[in-house]
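S.K.: My questions all concern the structure below.
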Amino acid sequence: MQNMKNQVRGSGMDARSNPVNVSDGLQNSSGHIGANTRYRLTKLGEQMARLPIDPKIARILLAAKKHDCMAEILVIASALSIQDPRERPLEARDAAAKAHERFTDKQSDFLAYLNIWDSFQRERDKGLSNKQLVQWCHQYFLSHLRMREWRELHHQLAQTAIEMGLTTKEAAFRQPPSQEQLRPSESQGDQDLAAKLKQKQLDKKQHRAQIRAAKEAGYEQIHRALLTGLIANVGMKSPDGNDYTGARGSRFHLFPASALFKAKPKWVMAAELVETTRLYARDVAVIQPEWIEQEAPHLVRYHYFEPHWEQKRGEVVASERVTLYGLTVLPRRPVSYGKVAPEEAREIFIRGALVAQESNLQTAFFAHNKKLIKEITELEHKSRKQDVLVDDEALFAFYNERLPELVWKDAKGGVWGSEEGGQTQSDKMADQNGQANQRNAGRVAQATHADANDADNRKREPSSHTLQNVSDDPKLKKQPASQKGCLKPLPLADIRTFEAWLKTAERDNPRLLFLSRDDLMQHAAAHITEEQFPKFWQTADGKFKLSYRFEPHHPLDGVTMTVPLTVLNRLHAPSLEWLVPGMLREKIQLLIKALPKQIRRICVPVPDFITKFLESNPNRQAAIIPQLAHFIAKSAGDMRILEQIDQDAWAAQELPEHCYLNLRIIDDGGQELAGGRKLHELQQQLGQAAAVTFRDNTQEFERDNVTAWDIGTLPESIKFARGKQQLTGYLGLQKEKDGRIALRLFDTNEAAEQAHRQGVIELMKLQLKEQVKDLNKGIQGFTQAAMLLKHINADTLRDDLTQAVCDRAFIGEDELPRNEKAFKEQIKRARSRLPAVKEALSRYLQETAAAYAELNGKLGKHPLTHLLRLRLQTLLAAGFATRTPWTQWPRLPIYLKAMTLRLEKYSSNPARDAAREVDIRELEQMWQEKTDSLIKQGLPVSDDLAAFKWMIEELRVSLFAQELKTPYPVSVKRLLKVWGNI
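Every position in the sequence shown, counted from 1, becomes a number in our numbering once 77 is added.
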């Protein structure tokens, strides 16, 4: 810039710049020389050549006319063309800096020149003498000689601008802005003091806002004009330092004397870049990066990346990055990609909006195709093979063949798939031989090609602005075409254009874009029938929707059944194991694969074996594994194979997730409450809520506070409607938490039976008040037994014994009454049985307590103490009276005596005792694991499995106290055989 100033001063105002000098300067300004060696000045270049200053400054002056800031730019341009009028002597540098602060602008060093100019002009307008002006300049460290040179150069530039018609005489010379004083509000006269102070503050705030708004408007106009000539001196602050990145990879720092040195704004423009110890930017100002593109669109380059279909906007968009000489001006902004690359945008549109169906098209073909694709996709989900629906490339080829490359919009707004489609009838009549139509179409295509080339230049190379190429080649000149005004080419890359074209295209072929099943299916898929893959799961409570999905590792992979909460407890886990017929064969095949090799050989060939197993009509309400194991043994002709198959270990084998039915539990409103493939976990989680929900709106069947059998006959089950479902409920008496008896409707028969037994016993207690009162006073020998069994609270023990007596005397093994007559007969039997049951339990209790006291006294520090205390905790814990079956009560004292004898025999052969304990523990572990598994799955514990527990107790008697004898023969081998049958 300093060289530029020296050249201007050395040339003088009378020297005229020639075109060669202009072209040299334009390399760094917003002009551009054409690529060919043959060029001429444009109109803008001719105007710049008439100005006897640096081409950059000339370009700024011409831009000032556009932005209506000629007076300000003439001042700044003339200041940039001379040496800085501010003086900074070394001996008074701090004083000079302080004096210059009155001219400083926080956003722009250029505006400091305007502030100096205005201040000097105000002093001149006061009529000061030349000596006084010199003193004023000296006071503020300004050079009077440079100020005079500045004014002379400004006058000459203004005259030239007036002669060139860039401005008028009145607008060329800047007048210092009047410093308007704050005017008090007219309404203050009638206000009190507090109101006046508040109004004064508001007036000041409004006055400052007006000054700020006027300044901001002028700031943008001035600096936009400056930017046209200083475009190569812009820079962006580096994110990791205090320097700036400029054009062509340069890096510079702000000059320390700049008013912006401390602030370091993000984007700046500099008058010059001077290299001393480092590259400094002098005379800088804050700019907005958007101004660069707006003021020099021919110098910026546009880069497009990440083109994609955007459903919300309904068009193909890409991210656009704008750069200037390698400097990123705008890092990313979304733009319509159809105008940039029509062919690529069309392909993305087809793949995104039509093939992937990611659009909100409200057309008949789109709804039809979407429905058809969904139906065929469901076939794939059912068969678990992605070989039915054609791939995306086939769908793309279908649409690509039927959609035009470009569409044409006529003057009436119609959109056509070809140029000829947009011609009016009058055009066709005027060109009967067709030759004129062909020429016009060629011209439209030529114009379109030229427009596309312009867009390509905009994308890849900067176009000419100040200097343009001149060529004699007629092919490069756009010829006028009669159709150009009528037909406008549009890229097919957005929903609006597509719908407009479709509206026209469907006039000739309404089913142009309708897909058929043959278009979409690779094969017929005849094996995927509704019988193999039903839409609903049928139960006694109605049918429930099934949905299929083929997506391994997805939570919904396989088949999913949607189940209302009301029937959750009524689902039977074994029946769910059978899935649907189309998926059952794969599951059985995987189960067979999990068997040991020697057993697996029996099932070869596996497909034929599975067919025979399914043809044997297995019970689909029972578990698969026991039936499959039985069929394997039967097929081998040796039922002993059943003993070789560990069914528990087999059932524990984990199969792929899709081999288990997925359950989706919903409420009455259709909202999902829970989901999973393990029914017992869902029933544990939501079972209580399901039972409560099941009873909603069933008050007509229920009754509170039942004190006598006045409820008529209770049916085994009741069918009732719940919405669209036909449900089955089970009635029974239930003891409530407050002790009252109520008639309730249950969702399962097991829950109803269990509650009804306790409810009947409680109702019978009300009818047998005297007997129950005597019973509560205590059983004979209770006090002594309670003292011996002191690990149990006395009241807890009394209640437990009373309940055990009532259960045995009132009901026992009898069938539960369900009408008044049966209830009264049951009361008669209870009266007669009660004394005998009470006397028997009293005897058993005393014997048990005595045996417990003897055993407890001998434990001490014996090696078996810990083991036997665990056994006592199992047999005689709180609540043992009701938990122990009536048939096992006489054996309780025997079990305790056997423990005492074991203590006495232990010292003679501890190794034998330990070996026998190991055998018993193995049996106990098998029983415990089986029981826990059934409870976890929500399945009932069978009577045989419950009885096996007491068989283990008898085995302890046989092994450790054989002299006490057992009611039936027992041994480890016998129990293993019984276990195999269980």
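By construction, the Cβ of each residue, glycine as well, lies at the ideal position given by its N, Cα and C atoms.
Below 6 Å CB to CB, which residues in the same chain sit around Pro894 once its five sequence neighbours on both sides are set aside?
M.R.: Contacts found: Phe900, Gln903.
S.K.: Please classify Asp469 as buried or exposed, where buried requires at least 16 other C-beta atoms within 10 Å of its C-beta.
M.R.: Answer is exposed; the Cβ neighbour count stays below 16.
S.K.: Residues in the same chain with beta-carbon distance under 7 Å from His833, minus the five sequence neighbours each way, listed in chain order, please.
M.R.: Contacts found: Gly809, Leu810, Leu893.
S.K.: In chain order, what residues of the same chain have a beta carbon less than 8 Å from the beta carbon of Phe1037, not counting five sequence neighbours either side?
M.R.: Ala975, Met976, Leu978, Arg979, Lys982, Asp990, Arg993.
S.K.: Determine the direct distance from the alpha carbon of Glu663 to that of Gln615, and round the result to whole angstroms.
M.R.: Near 22 Å, if we compare the C-alpha coordinates of Glu663 and Gln615.
S.K.: Would you mind reading off the limits of the alpha helix (DSSP H) that contains Trp194?
M.R.: From DSSP, the alpha helix (DSSP H) with Trp194 extends over 187-202.
S.K.: Count the other CB atoms within 10 Å of the CB of Tyr1045; is the residue buried (16 or more) or exposed (fewer)?
M.R.: Classification for Tyr1045: exposed.
S.K.: Quick check: the Cα distance between Gln365 and Lys282, rounded to an integer number of angstroms?
M.R.: Their Cα atoms are separated by approximately 27 Å.
S.K.: Alpha carbon to alpha carbon, how far is Phe250 from Arg117? Give it in angstroms, no decimals.
M.R.: Each residue's alpha carbon lies about 34 Å from the other.
S.K.: DSSP three-state call for Thr942: helix, strand or coil?
M.R.: Three-state result, Thr942: helix.
S.K.: If you scan the stretch 703-777 from start to end, which runs of the alpha helix (DSSP H) of 4 or more residues do you find wholly inside it?
M.R.: Whole alpha helix (DSSP H) segments, 4+ residues: 718-721, 724-729, 756-771.
S.K.: What is the DSSP secondary structure of Ser693, counted as helix, strand or coil?
M.R.: It is coil, neither helix nor strand.
S.K.: Could you have a look at Ala796 and say whether DSSP puts it in helix, strand or coil?
M.R.: Contrary to the premise, residue 796 reads as Lys rather than Ala in this sequence. Strand at Lys796.
S.K.: Note down the Cα distance separating Leu270 from Gln216, rounded to an integer number of angstroms.
M.R.: Distance between the alpha carbons of Leu270 and Gln216: 43 Å.
S.K.: For Asp723, which residues in the same chain have their Cβ closer than 8 Å to its Cβ, ignoring the five residues on either side in sequence?
M.R.: If we look at Asp723 and ignore the five residues flanking it on each side, it has no Cβ neighbours.
S.K.: In the structure shown, what three-state DSSP assignment does Gly659 receive?
M.R.: The answer is helix: DSSP assigns Gly659 an H, G or I state.
S.K.: Name, in chain order, the residues that DSSP records as bridge partners for Pro566.
M.R.: According to DSSP, which records beta bridges pairwise, Pro566 is partnered with Trp485.
S.K.: State yes or no: is the C-beta of Ala700 within less than 8 Å of the C-beta of Pro658?
M.R.: Result no, Cβ atoms of Ala700 and Pro658 do not sit closer than 8 Å.
S.K.: Taking the C-alpha atoms as reference points, what is the distance between Gly108 and Leu121?
M.R.: Note that Gly108 scores a pLDDT of 49, beneath 50, so its modelled location is shaky and nothing firm can be said.
S.K.: Three or more C-beta pairs under 8 Å: does that hold for the stretch 660-677 against the stretch 686-700?
M.R.: The answer is yes - the stretch 686-700 touches the stretch 660-677, with three or more Cβ pairs under 8 Å.
S.K.: How many angstroms separate the CA atom of Ile702 from the CA atom of Ala728?
M.R.: Their Cα atoms are separated by approximately 7 Å.
S.K.: So which of Ala172, Arg754, Leu719 has the shortest CA-CA distance to Pro733?
M.R.: Among Ala172, Arg754, Leu719, the Cα nearest to that of Pro733 belongs to Arg754.
S.K.: Do you know whose CA, among Asp824, Cys883, Arg821, lies nearest Asp851's CA?
M.R.: Of Asp824, Cys883, Arg821, the residue nearest in Cα terms is Cys883.
S.K.: Does Asp1021 come out as helix, strand or coil in the three-state DSSP assignment?
M.R.: Helix at Asp1021.
S.K.: Identify the continuous alpha helix (DSSP H) that holds Pro419 and give its terminal residues.
M.R.: 419-426 is the extent of the alpha helix (DSSP H) around Pro419.
S.K.: Flag this pair as yes or no: are the beta carbons of Leu404 and Gly318 separated by less than 8 Å?
M.R.: Not closer than 8 Å, so no.
S.K.: How long is the line joining the alpha carbons of Val1049 and Asp876, rounded to whole angstroms?
M.R.: So the two alpha carbons sit approximately 38 Å from each other.
S.K.: Quick one: measure Cβ to Cβ for Pro162 and Ala173, integer angstroms, because I've assumed they're closer than 8 Å.
M.R.: Contact doesn't hold; Cβ gap of about 12 Å is too wide.
S.K.: Do you know offhand how far Asp715's Cα is from Arg678's?
M.R.: Roughly 14 Å separates the two Cα atoms.
S.K.: Are Tyr414 and Ala395 touching if we call contact CB-CB under 8 Å?
M.R.: Yes, they are a contact pair.
S.K.: By alpha-carbon positions, which one of Ala362, Ile137, Gln704 ends up nearest to Ala347?
M.R.: Closest option to Ala347, Cα to Cα, is Ala362.
S.K.: Smallest Cα separation from Glu387: which of Glu367, His375, Trp344, Ala433?
M.R.: Nearest of Glu367, His375, Trp344, Ala433 to Glu387, Cα basis: Ala433.
S.K.: Starting from Gln803, trace the beta strand (DSSP E) both ways and give me its first and last residue.
M.R.: Looking at the DSSP string, the run of the beta strand (DSSP E) that includes Gln803 is 802-812.
S.K.: Using only the alpha-carbon positions, how far apart do His221 and Gln212 sit?
M.R.: Near 9 Å, if we compare the C-alpha coordinates of Gln212 and His221.
S.K.: What are the residues that DSSP puts in a beta bridge with Tyr321?
M.R.: Per DSSP, Lys314, Phe329.
S.K.: So, Val914 versus Ala955, is the Cβ gap smaller than 8 Å?
M.R.: No, the pair does not count as a contact, with Cβ atoms beyond the cut-off.
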